[in-house]
Amino acid sequence: MLYREAGDFKTTYVADSQTFPLKLDRIGFWVTMAVAWLVIPFVINDYWASSLLVPFLIYAIAAIGLNILTGYCGQVSLGTGGFMAVGAYACYKLMTSFPDINIMIHIVLAGGITAIVGAAFGLPSLRIKGFYLAVATLAAQFFLVWLFNKVAWFYNYSASGQINAPERLVAGVAVTGPSTPAWAQYLICLFFVTLCALIARNLTRGTIGRSWMAIRDMDIAAEIIGVNPLKAKLTAFAVSSFFVGIAGALFFSVYLGAVEVGEVFGIQKSFLVLFMIIIGGLGSIFGSFAGAAFLVLLPVALKWIGVDVMGWPTDLVAHFQLVIVGALIMFFLIKEPHGLAQLWRLAKEKLRLWPFPY
Amino acid sequence: MTADATPYVTEDGRQIGGVMMDLRDITLRFGGVEAIKSISFDIREGEIRAIIGPNGAGKSSMLNVISGFYKPQEGEVHFRGKKRPPMRPYQVARQGVARTFQNIALFEGMSVLDNIMTGRMGHIKSNMLAQAIWAGKAQREENENREAVERIIDFLEIQAIRKTPVGRLPYGLKKRVELARALAAEPDLLLLDEPMAGMNVEEKEDMSRFILDVNDEFGTTIALIEHDMGVVMDLSDRVVVMDYGRKIGDGTPDEVRNNQEVIDAYLGVAHD
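Sequence lines, in order, name chains F and R. Those letters in the first sequence? Residues 1 to 358, per the working numbering, in order. Those letters in the second sequence? Residues 1001 to 1272, per the working numbering, in order.
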């Protein structure tokens, strides 16, 4: 059997608008889910969790968030790091203020708080566009990092100025703190990734997603045919920040455990997530995953090839890594500016008629 | 302003009702330039109303005033007997005014289907939370809208391209998709800004047929700007002629055709 679109017919509109219109895609999805939920938790170890899977899952959430704002709604944002910091600090304050409440609720609430902050910083988007908006969100990035450094209340007046995640349990198993098992770290991230991806997909294939894309493609026409630009832009900022906030909360509480805001949530983080969605594909949920995987896996893979296979010194490999990642990003942008998701779409189109030329 | 607005039936049997949109003494300025100088005219229920005139006469500006994109400095817009307060274009759209654009303004990154679905924006009532879960009301609405959109797709004969990204379509089809998007809103008043610009004779015939069918089958009132005089005179019930922001003629195609001022400014004299 071949993987292709041809011959896959729909008889209802429900079937035509489902998440995976192709049967093989659906099978692939359920197989992936089964492996992710039922196999990986039993074989995962600390190395795989901390250097690959957990950062991949968390960055995937952040990339989905930014993709909604930039890829779907066309509002360029350089404030991702700052919004991740909001999620992290909101989660920290909630964890320490209400230690009896389940951490899962804290993480969702941290996302909610980030959504409000994001919508507030999204207000300038009603007046300014493109590069000017990017600069405005850059201001948000620096302001937020400065705020979390400056106001001691946010880090509970700790001497180091860092925030540290206390141990919290879900169903009797630690998910934050130093004694967390790798599989628990992985599972909590997987849970939120699954949730966020489903929500993002539902929003983007429906009415609200169409209003975002309409604003992206031609905002004046969108308004004239009945899209409320205020609502479309602010919901994009809010939903995007919600996901980014959840990613920030997980990054702090589950992944790192301790955070110094300028170091972890600085401007580099904003650029990293932006690169992910550009390489993965703007306006594609799959692209968010692909981009996150690419930028998380690539350095690890290069390090493995350089140090373990070739036996080069670590510092040399580390430098090479930067060069190669940079070169690959440029290569991708020139060869396929619409990202990995577009490569996938093109392959599918080719397969539609394969093996016949036309 | 036409003196009498009593309903009548046209020769081909279409019902023309009372005044739907009444524009009174509209003046629009851009800095020192007066694009529209105190123009009044009305659009009646069920009719096809053409706006013609040379380039730069202010026709598109007039359409932009009607759709709420430009706010006139002076004058009033009365819609369905009530004075229209200042409102944003999307609010005007939700009152039942849809339009197409002179330079196609489709959403290039979206499929034909999604473009047309966007036209249904005013018919959505479910909130974001319901849409996020994709269940109950949100899904029901999505399917109802899809059915409505599919009817339009059938009507305009664009079934084959519904999943194609709009950016890949040729010009004539784009024009048709844009009409479909406007129709999807089920408007009472449809504004068409040069629907036949840049088309060949065959495409013009198709488009004329669609415009007449829309007017006939859905009872949609249509106001259109067009330069092809043959098309305008054949399609429209009444014609407004503009020149340099002023109104120089208003009436049935025959009246306009014989109006000396209109001939001088725009139509010219046939060489025979």
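Just so it is clear, CB atoms sit at the ideal spot from N, CA and C, and this is done for glycine as well. Predicted, not measured: the structure shown is a model, and the values here were computed from it.
Handout entry: Contact set between the region 1132-1143 of chain R and chain F, restricted to residues whose Cβ is under 8 Å from the partner
Key = A1132, I1133, W1134, A1138, Q1139, E1141, E1142, N1143
Handout entry: Sequence-distant residues of its chain with Cβ nearer than 7 Å to R:T1002 (five each side left out)
Key = Against the second sequence, residue 1002 of chain R aligns to sequence position 2. Low confidence applies to R:T1002: its pLDDT is 45, below 50, so where it sits in the model is not reliable, and the reading given next is rough at best. Answer for R:T1002: D1042, listed in chain order.
Practice task
State the beta-bridge partners of F:N164 as determined by DSSP.
Solution key: Counting from 1 along the first sequence, the entry for residue 164 of chain F is found at position 164. Answer is F:A258, bridged to F:N164.
Problem - R:M1001, DSSP secondary structure in three states - result: Taking the first residue of the second sequence as 1, we reach residue 1001 of chain R at position 1. Low per-residue confidence applies at R:M1001: pLDDT is 43, beneath 50, and the placement is therefore not dependable enough to give any value.
Handout entry: Under 7 Å between C-beta atoms of F:A49 and F:V193
Key = Taking the first residue of the first sequence as 1, we reach residue 49 of chain F at position 49. Taking the first residue of the first sequence as 1, we reach residue 193 of chain F at position 193. Cβ distance not < 7 Å, so F:A49 and F:V193 don't count as in contact.
Practice task
Could you have a look at R:Y1070 and say whether DSSP puts it in helix, strand or coil?
Solution key: Stepping through the second sequence from its first residue, residue 1070 of chain R is reached at position 70. Three-state DSSP puts R:Y1070 in coil, outside helix and strand.
Exercise for the section: Just the C-alpha distance for F:S17 and F:K23, rounded to the nearest angstrom, thanks. Expected result: Position 17 of the first sequence, counting from 1, holds the residue named residue 17 of chain F. Position 23 of the first sequence, counting from 1, holds the residue named residue 23 of chain F. Cα-Cα distance, rounded: 13 Å.
Practice task
With a threshold of 16 other CB atoms inside 10 Å of the CB of F:N67, please say whether the residue is buried or exposed.
Solution key: Within the first sequence, the letter at position 67 stands for residue 67 of chain F. By the neighbour-count rule (16 or more Cβ atoms within 10 Å), F:N67 is buried.
Handout entry: Assigned secondary structure, F:M310 (DSSP; H/G/I helix, E/B strand, else coil)
Key = If you number the first sequence from 1, residue 310 of chain F lands on position 310. Residue state, collapsed to three classes: coil.
Problem - Supposed close pair R:P1072, R:L1028 - CB separation, criterion 8 Å - result: The residue you call residue 1072 of chain R lines up with position 72 of the second sequence. The residue you call residue 1028 of chain R lines up with position 28 of the second sequence. Indeed they touch by this definition, with Cβ atoms about 5 Å apart.
Problem - Local Cβ density within 10 Å of F:Y89, reported as buried at 16 or more and exposed below that - result: Numbered from 1 along the first sequence, position 89 holds the residue referred to as residue 89 of chain F. Buried.
Problem - chain F within 7 Å of R:F1107, Cβ atoms only - result: Here residue 1107 of chain R corresponds to residue number 107 of the second sequence, with the count starting at 1. Taking Cβ atoms only, chain F reaches closer than 7 Å to R:F1107, which makes this a yes.
Practice task
Tell me whether F:H319 is buried or exposed, calling it buried when 16 or more other Cβ atoms sit within 10 Å of its Cβ.
Solution key: The sequence position of residue 319 of chain F within the first sequence is 319, counting from 1. With fewer than 16 other Cβ atoms within 10 Å, it is exposed.
Problem - Alpha carbon of F:Y47 to alpha carbon of F:Y255, nearest angstrom - result: Working through the first sequence from its first residue, we reach residue 47 of chain F at position 47. Working through the first sequence from its first residue, we reach residue 255 of chain F at position 255. So the alpha carbons of these two residues sit roughly 12 Å apart.
Exercise for the section: Can you give me the start and stop residues for the beta strand (DSSP E) that R:K1247 sits inside? Expected result: By 1-based counting over the second sequence, the position of residue 1247 of chain R is 247. R:K1247 -> beta strand (DSSP E) spans 1246-1251.
Exercise for the section: Count the CB pairs spanning the region 1045-1055 of chain R and the region 1224-1242 of chain R that are closer than 8 Å, and state whether there are at least three. Expected result: yes
Practice task
Could you tell me which of F:L322, F:A200, F:G257, F:Y186 sits nearest to F:I285, measuring between CA atoms?
Solution key: Reading the first sequence from its first residue, position 285 is the one you call residue 285 of chain F. Here the closest residue by C-alpha is F:A200.
Exercise for the section: Check the DSSP bridge columns for R:H1078 and list the partner residues they point to. Expected result: As a working note, residue 1078 of chain R is residue 78 in the second sequence. Bridge partners of R:H1078: R:D1022, R:K1083.
Exercise for the section: List the DSSP bridge partners of F:P21. Expected result: Counting from 1 along the first sequence, the entry for residue 21 of chain F is found at position 21. Paired residue(s): none; F:P21 is not in a bridge.
Handout entry: Beta-carbon spacing of F:I215, R:P1089 below 7 Å
Key = Locating residue 215 of chain F in the first sequence gives position 215, where the first residue counts as 1. Locating residue 1089 of chain R in the second sequence gives position 89, where the first residue counts as 1. Taking 7 Å as the Cβ cut-off, F:I215 and R:P1089 do not qualify as a contacting pair.
Problem - Amino acids of chain F, ordered along the chain, whose beta-carbon sits closer than 8 Å to that of R:S1067 - result: Position 67 of the second sequence, counting from 1, holds the residue named residue 1067 of chain R. By Cβ distance, chain F contributes I224.
Practice task
Decide yes or no for the touch test of the region 1052-1070 of chain R against the region 1032-1040 of chain R: beta carbon pairs closer than 8 Å, at least 3 of them.
Solution key: yes
Problem - Close beta carbons around F:V325, own chain, < 7 Å, minus the five adjacent residues each side - result: Along the first sequence, one-based indexing puts residue 325 of chain F at 325. So the qualifying residues of the chain are L298, P299.
Practice task
Give every residue of the same chain whose Cβ lies closer than 7 Å to the Cβ of F:N156, excluding the five residues on either side of it in the sequence, and list them in chain order.
Solution key: Taking the first sequence and counting its residues from 1, one reaches residue 156 of chain F at position 156. Once the five neighbours on either side are set aside, the close Cβ partners of F:N156 are T96.
Problem - Separation of R:D1193 from R:L1225, as counted between CA atoms - result: In the second sequence, residue 1225 of chain R corresponds to position 225, counting from 1. In the second sequence, residue 1193 of chain R corresponds to position 193, counting from 1. Note on residue identity: the sequence assigns Ile, not Leu, to residue 1225 of chain R. Near 5 Å, if we compare the C-alpha coordinates of R:D1193 and R:I1225.
Problem - Residues that F:M104 contacts on chain R, provided the C-beta gap is smaller than 7 Å - result: Taking the first residue of the first sequence as 1, we reach residue 104 of chain F at position 104. Residues of chain R passing the Cβ test: none, with the nearest at roughly 18 Å.
Handout entry: Three-pair Cβ contact test at 8 Å for the region 1182-1200 of chain R versus the region 1147-1160 of chain R
Key = yes
Exercise for the section: Would you decide whether R:K1082 is buried or exposed? Buried here means 16 or more other CB atoms lie within 10 Å of its CB. Expected result: Against the second sequence, residue 1082 of chain R aligns to sequence position 82. Under this definition R:K1082 is an exposed residue.
Handout entry: Reduced DSSP category for R:L1106 - H, G, I as helix; E, B as strand; rest coil
Key = Within the second sequence, residue 1106 of chain R is the residue found at index 106, counting from 1. Residue state, collapsed to three classes: coil.
Exercise for the section: Just the C-alpha distance for F:L333 and F:F275, rounded to the nearest angstrom, thanks. Expected result: Locating residue 333 of chain F in the first sequence gives position 333, counting from the first residue. Locating residue 275 of chain F in the first sequence gives position 275, counting from the first residue. Each residue's Cα considered, the two are about 10 Å apart.
Exercise for the section: Would you mind stating whether F:V244 and F:T80 have Cβ atoms separated by less than 7 Å? Expected result: What you label residue 244 of chain F is simply residue 244 of the first sequence in a count that begins at 1. What you label residue 80 of chain F is simply residue 80 of the first sequence in a count that begins at 1. Going by C-beta atoms, F:V244 is nearer than 7 Å to F:T80.
Exercise for the section: Return yes when the C-beta of F:T207 is under 6 Å from any heavy atom of the ligand MG, and no when it is not. Expected result: Judged by which ligands are present, the structure shown has none, so any question about the ligand MG falls away.
Exercise for the section: Answer with buried or exposed for R:D1264, where buried requires no fewer than 16 other C-beta atoms within 10 angstroms of its C-beta. Expected result: Locating residue 1264 of chain R in the second sequence gives position 264, where the first residue counts as 1. R:D1264 comes out exposed.
Exercise for the section: Give a yes or no on whether the minimum CB-CB distance between F:R210 and chain A is below 7 Å. Expected result: Among the protein chains in the structure shown, which are F and R, there is no chain A.
Handout entry: Residues of its chain near F:F121, where Cβ-Cβ distance is below 6 Å and the 5 sequence neighbours each way are ignored
Key = Looking up residue 121 of chain F in the first sequence gives position 121. Within the same chain, F:F121 has close Cβ partners A140.
Exercise for the section: Give me the Cα-Cα distance between F:P337 and R:S1208, rounded to the nearest whole angstrom. Expected result: By 1-based counting over the first sequence, the position of residue 337 of chain F is 337. By 1-based counting over the second sequence, the position of residue 1208 of chain R is 208. So the two alpha carbons sit approximately 40 Å from each other.
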